[in-house]
Amino acid sequence: MTTDWDNIILLSADALRADHLSCHGYERETSPVLDDLAAESLHFMNAYSASSHTREAVPALLTGEYPDTAIDAKYRLATDTVAKTLSEEGFATAGFHSNPFVSRAYGFDQGFDTFDDDLHFGKHKVIALAQRALDKLRNRHYARAEEINERSLEWLDSLDDDEPFFLWNHYMDTHGPYEPPGEYATLYTDETVSGRNAQSLYQRAIKDPDSITDDERQLLIDLYDAEIRYNDERIGEFLDALRERDLLENSLVVFTADHGDAFGEHGYYEHPRYLHDEITHVPLIVRQPNSESGVVETPASTLDIVSTIESAFGGESEFSLVDPVADRDRRVFSQARGENEDSHLRRYAVRTHGANCLGERDRKSDTISVSDCTDHGLRESLSEFISDRIRIENDEVESEADEVDEEIERRLSALGYKD
């Protein structure tokens with residue numbers, strides 16, 4: 001595979017559901033910048049995350065593997081990221097974000113030359129979580145998009161001329177609690193909401209969703225949409241900065257989200273470990289220097305991002321985001337492990353264009369149930385997928401990570417380093 005891009009820029013937004021973007025038909029103009037970007041890019045209308053929450057979705061996004069092989073039981077990174085692959089290919093690599101669950105405390109700095117996870121007090125899990133608690137007390141939940149842009153642009157400016165790079169910016173602004181700054185706070189509502197009240201409402205929506213009134217639900221949506229508009233404008237500023245540096249026209253730019261957020265559609269808010277469309281249907285925009293553009297209806301997965309990038313360096317990709325094949329029947333899968341009292345549960349989903357099927361596995365009783373199939377033909381596909389993941393979990397078949405390890409051993413043997 002040949003490419004006409006020298007650099008790779010991955011931009012992701014936390015908790016950004018696709019159907020709240022105006023380029024996906026939303027009634028509000030929440031995303032004029034992304035709308036313009038989509039118009040000059042390949043815009044995937046049916047893209048789905050490999051999971052529904054950060055601790056599994058981001059590992060899949062960065063590795064191209066399903067969560068059950070990308071991370072271990074304690075959510076530590078267990079496989080190589082695309083940053084490691086590109087570093088070995090001579091790329092300078094950097095990541096900028098402020099989500100402790102995918103911080104260096106969980107091994108996510110692996111493969112990055114520069115990894116700014118907004119944790120400046122230490123590199124250990126306990127310290128990472130302690131800082132998270134401190135930030136909550138200060139009502140500071142994450143680094144705003146301006147900070148992420150400033151830090152990443154400073155890194156870009158430090159590189160040698162013509163040095164290829166991989167940059168990952170992950171924006172937290174659309175993640176709750178929804179506290180749009182400044183003028184954005186009243187963009188879609190006349191009600192002024194303090195940071196404390198916004199946080200309290202968000203937490204109550206998670207813990208006691210039945211208590212949320214219709215007016216409160218609408219307020220949550222209004223604030224969420226305002227965060228989208230704020231983040232959209234900051235992304236526009238970042239893209240303008242790339243243009244000023246003559247970096248945009250020789251870079252592959254991918255924009256996506258790790259998952260979405262729900263607003264009571266299935267009796268819950270935020271993004272618990274279910275796999276409904278509201279929390280798995282994500283934006284996916286792929287801009288190439290050749291300006292190839294168009295709307296793509298073929299179902300896509302966030303897993304396709306890494307496989308597409310790595311295919312440019314000899315890796316395999318059964319579906320390319322830069323040269324997508326029209327296939328409305330393509331099937332993409334998602335998974336999520338339960339948490340706390342549901343930790344024994346594993347949830348799965350399969351989707352094609354306009355159809356889906358959900359399944360659940362109870363590890364205690366060793367039972368599998370498949371339900372909510374809008375297309376009966378998907379039932380068998382999902383059952384086969386679940387069986388495959390069980391075999392991987394039980395080491396009955398090799399995972400991709402095992403195959404990589406065997407390949408390394410083979411090459412070392414060939415070089416005479418192993419008996």
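First residue of the sequence shown: 1, per UniProt numbering; consecutive thereafter. Built from N, CA and C at the ideal position, the CB exists for glycine as well.
Asked                                                                                                        : Found
Straight-line gap, P283 to E341 (C-alpha atoms, nearest Å)                                                   : 31 Å
Residues that F115 bridges to, as DSSP identifies them                                                       : G95
Which of helix, strand or coil DSSP assigns to N250                                                          : helix
Residue burial classification, T192 (beta-carbon count within 10 angstroms, cutoff 16)                       : exposed
Endpoints, the alpha helix (DSSP H) within which V322 is located                                             : No alpha helix (DSSP H) holds V322; DSSP gives it neither H nor E.
The alpha helix (DSSP H) enclosing I368, as first and last residue numbers                                   : That residue, I368, is in no alpha helix (DSSP H); its beta strand (DSSP E) goes 367-371.
Close beta carbons around L247, own chain, < 6 Å, minus the five adjacent residues each side                 : none
Proximity of S301 and Y48 at Cβ, strictly below 9 Å                                                          : yes
Cα-Cα separation, S152 to L62                                                                                : 18 Å
Residues near L159 by beta carbon distance below 8 Å, same chain, minus five either side                     : A92, F165
Assigned exposure category for D366 - 16 Cβ within 10 Å defines buried                                       : exposed
Cβ contact (3+ pairs, closer than 8 Å) linking the segment 237-257 and the segment 193-200                   : no
Limits of the unbroken alpha helix (DSSP H) element including L239                                           : 214-244
G359 burial status per 10 Å Cβ neighbour count (16 or more: buried)                                          : buried
Sequence-distant residues of the same chain with beta carbon closer than 8 Å to N290, five excluded per side : D4
According to DSSP, residues forming a beta bridge with D395                                                  : D395 pairs with nothing; no bridge assigned.
Bridge partners - D362, DSSP secondary structure assignment                                                  : L345, T367
Rounded separation between V322 and L37 - CA only                                                            : 15 Å
Secondary structure of V193, DSSP reduced to three states                                                    : coil
Element boundaries [beta strand (DSSP E), containing L167]                                                   : 165-171
Contact set for F101: own chain, Cβ-Cβ below 6 Å, skip 5 residues either direction                           : T54, R55
Counterpart residues of E270 in DSSP-defined beta bridges                                                    : A262
Continuous beta strand (DSSP E) assignments of at least 3 residues falling wholly in the segment 34-90       : 42-48
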